[in-house]
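Some notes on the structure that comes next.
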Amino acid sequence: MSEEILSEIEEDLQKERIKKLWNVYGKYIILFIFSVILFVGGWQFYSIWQEKKLEKESNLFYKILNEDSFTPFEGKSKFSLGYDLLLKFQEANSLIKKGDQAAAQGIWSQIALNNSFDKIYRKMAILLSVMYLGDESSLFSEFNEMVSLDDSLGVLSSEIKANILLKNGNKSQAKEIFQGIINSKKANIRSIERINTVLETLDES
C-alpha cells in the first residue's frame, strides 16, 4: 500500500516538474518546432520554384540558340548567371559570323574583365578574342599572361601565340614555342600531332 502511495506521489511530482518546465520553456519548444516546419516547407517551396525557373530558362535558352537569326537577349528574360553568360558567348559568336568584330570584342571584354564570372570563362573569352582577332585583340596583354606550359589552357594559349608569331613571319620564335609545347607534359596527343605537322611543313619550306 505504501509503495502505491509513494508511486502516486512520485508521479505527481514528475507531472509538476514537467508542468513547470513547460511553463518556462514551452513557448521556445513551440517556436523551435514551428521554425523547423517553416524551414522545411520553405525549402521545398524554394526547390520547386527553382526547378521550374531553371526549366523555363533552359527551354528559352534552347529556343534562342536555335533561332535562324540570333538577336540580343536582354529584353527576352532575366536569366540566371550561367545561362546569361552562355548567351553572351553565343551572341559574340553570332556577331563574328556577321563580321562585326568590334561588337564581339566588346562582349568578350565584358566577360574577361568581370571578376564575378568564373576564371575559366574569363580565360575562354580572352582565348576566343585572340583566336579571332590575333594580336589586334584588346585583350592581348591578358592573353600573354595566360601563355605558359603549366596547365592545358596555358599550353593551348602557347600554341595560339606561336601561330600568331608564325603568321607575322617570326618563324624561329614560333618554332621555339612549338618545341616547348611538344616537350611539355601538359600537352595532349592531338596538340603534339598537330604541332609536329606544322613543324614538318616549316622544315620543308
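Residues 16 to 220 (my numbering) are what the sequence shown spells out, left to right. Where is the CB? At the ideal position from N, CA and C, for every residue including glycine.
Would the region 146-160 count as touching the region 184-192 if we require 3 or more Cβ pairs under 8 angstroms? no
Can you tell me whether Met161 is helix, strand or coil according to DSSP? Against the sequence shown, residue 161 aligns to sequence position 146. Residue state, collapsed to three classes: helix.
Skipping 5 residues on each side, what residues in its chain have a beta carbon closer than 8 angstroms to that of Gly169? Translated into positions along the sequence shown, residue 169 becomes position 154. Counting only Cβ-Cβ distances below 8 angstroms, and skipping sequence neighbours, we find Met161, Val162, Ser163 and Lys201.
message: On the DSSP letters alone, give me the boundaries of the alpha helix (DSSP H) that Glu174 sits inside.
response: The sequence position of residue 174 within the sequence shown is 159, counting from 1. From DSSP, the alpha helix (DSSP H) with Glu174 extends over Ser167 to Lys182.
query = Rounded to a whole number of angstroms, what is the C-alpha to C-alpha distance between Ile207 and Leu142?
reply = Indexing the sequence shown from 1 puts residue 207 at position 192. Indexing the sequence shown from 1 puts residue 142 at position 127. Approximately 19 angstroms, taken between the alpha carbons.
Enumerate in chain order the residues of its own chain whose CB-to-CB distance from Asp166 is below 8 angstroms, with the five nearest sequence positions on each side excluded.
For this step, residue 166 is matched to residue 151 along the sequence shown. If we look at Asp166 and ignore the five residues flanking it on each side, its Cβ neighbours are Lys201.
Pair within 8 angstroms by beta-carbon distance, Ala119 and Ile126: By 1-based counting over the sequence shown, the position of residue 119 is 104. By 1-based counting over the sequence shown, the position of residue 126 is 111. No, the Cβ-Cβ distance between Ala119 and Ile126 is not below 8 angstroms.
Taking the alpha-carbon positions, what's the Ala117 to Ile197 distance? Within the sequence shown, numbered from 1, the residue matching residue 117 stands at position 102. Within the sequence shown, numbered from 1, the residue matching residue 197 stands at position 182. Cα-Cα distance, rounded: 34 angstroms.
Requested in this report: Verify the CB distance criterion: does Tyr136 have a CB-CB separation below 8 angstroms to chain B?
Outcome: This model lacks chain B altogether, as it is built from one protein chain only.
inquiry  = If I measure Cβ to Cβ from Leu148 and keep anything under 7 angstroms in the same chain, skipping five residues before and after, which residues do I get?
reply    = Sequence index remark: in the sequence shown, residue 148 carries index 133 (1-based). Excluding sequence neighbours, Leu148 sits near Gln116 and Gln120.
- Query: Terminal residues of the continuous alpha helix (DSSP H) containing Asn198?
  - Reply: Numbered from its first residue, the sequence shown carries residue 198 at position 183. Where Asn198 is concerned, the enclosing alpha helix (DSSP H) stretches over Lys186 to Asn198.
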